[in-house]
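Just so it is clear: in the sequence shown, position 63 is 63 by our numbering, and no numbers are missing.
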Amino acid sequence: MELVSRMMDGSLSYDPKNRLEPVLSGSVVQRSAKIELGEVPMFEGCSERQLRSIAKIARVVDTPAGTVITRVGEPGSEFYLILDGTLSVDLSVGKPVALRPGEFFGEMSLLDGDPRSATVVSDTPARLLVIKRENFSVLRREVPDFTQILLVTLSRRVRHAEQRADRMGAASATL
Ligand code: CMP
Numbered sequence: 001m002e003l004v005s006r007m008m009d010g011s012l013s014y015d016p017k018n019r020l021e022p023v024l025s026g027s028v029v030q031r032s033a034k035i036e037l038g039e040v041p042m043f044e045g046c047s048e049r050q051l052r053s054i055a056k057i058a059r060v061v062d063t064p065a066g067t068v069i070t071r072v073g074e075p076g077s078e079f080y081l082i083l084d085g086t087l088s089v090d091l092s093v094g095k096p097v098a099l100r101p102g103e104f105f106g107e108m109s110l111l112d113g114d115p116r117s118a119t120v121v122s123d124t125p126a127r128l129l130v131i132k133r134e135n136f137s138v139l140r141r142e143v144p145d146f147t148q149i150l151l152v153t154l155s156r157r158v159r160h161a162e163q164r165a166d167r168m169g170a171a172s173a174t175l
């Protein structure tokens, strides 16, 4: 089901100001989105009814390159799924981590209520599917294996963070 038709029938909400979070910088451009929700890898297993539920709580935002989507230490109230473009997660140590279409971010603050753990910036123009905190439970309810996807992703991020810390520790020990 096309998101644009959700826009037309009013079931897909578009923020007229296209706001993300208060920290977002740069001019965010709204364009008409022709996206099949069912083609988004995370939603491949969803039924039509589930896709309709997701379309009701999602909005699509287009951002230019260089837009700060989340800023470390600030409160977070939205979850982001990358539809197009590449973003960087700037961590306190080491090189930024690249995030690509199909990947998501912003889940940590929604899960634990703590401030954003990292700054995420768009490296290229990006198209994001944005879900507000109050609707995060809809994703958990409607997307098959959503909790499993979250757990696997978090486990990978912890593992990568540990590997990076080990590499940095080994590098500083050899200096
Ligand atoms: P959150 O803390 O809500 O906001 C910043 C986001 O960056 C965070 O959620 C994760 O989605 C993402 N993030 C934080 N650390 C990493 C990492 N090591 N690798 C990939 N993404 C990360």
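Think of the CB as a built atom: it goes at the ideal place given N, C-alpha and C, for glycine as much as any other residue.
C-beta atoms of residue i and residue j nearer than 8 Å
{"i": "F136", "j": "F104", "result": "no"}
{"i": "R100", "j": "T86", "result": "yes"}
{"i": "G102", "j": "I82", "result": "yes"}
{"i": "V158", "j": "R116", "result": "no"}
{"i": "S77", "j": "R133", "result": "yes"}
{"i": "E192", "j": "Q50", "result": "What the structure shows of the chain is the stretch from 1 to 175, and residue 192 is not part of that stretch, so it cannot be assessed."}
Burial state of residue i (16 or more Cβ within 10 Å)
{"i": "S25", "result": "Interpretation of S25 is limited by its pLDDT of 39, a score under 50 that renders its predicted location unreliable; the figure taken from the coordinates is listed afterwards. Exposed."}
{"i": "T67", "result": "buried"}
{"i": "L151", "result": "exposed"}
{"i": "M42", "result": "buried"}
{"i": "Q148", "result": "exposed"}
{"i": "S172", "result": "exposed"}
{"i": "R59", "result": "buried"}
{"i": "V121", "result": "buried"}
Span of the alpha helix (DSSP H), counted from its first residue to its last, around residue i
{"i": "T174", "result": "Where T174 is concerned, there is no enclosing alpha helix (DSSP H), given that its DSSP letter is neither H nor E."}
Residue range of the unbroken beta strand (DSSP E) whose run includes residue i
{"i": "K132", "result": "126-132"}
{"i": "D84", "result": "78-84"}
{"i": "S88", "result": "87-90"}
{"i": "V121", "result": "119-122"}
Whole-angstrom C-beta distance between residue j and residue i, which should lie under 8 Å
{"i": "T63", "j": "A126", "result": "5 Å"}
{"i": "S53", "j": "V138", "result": "6 Å"}
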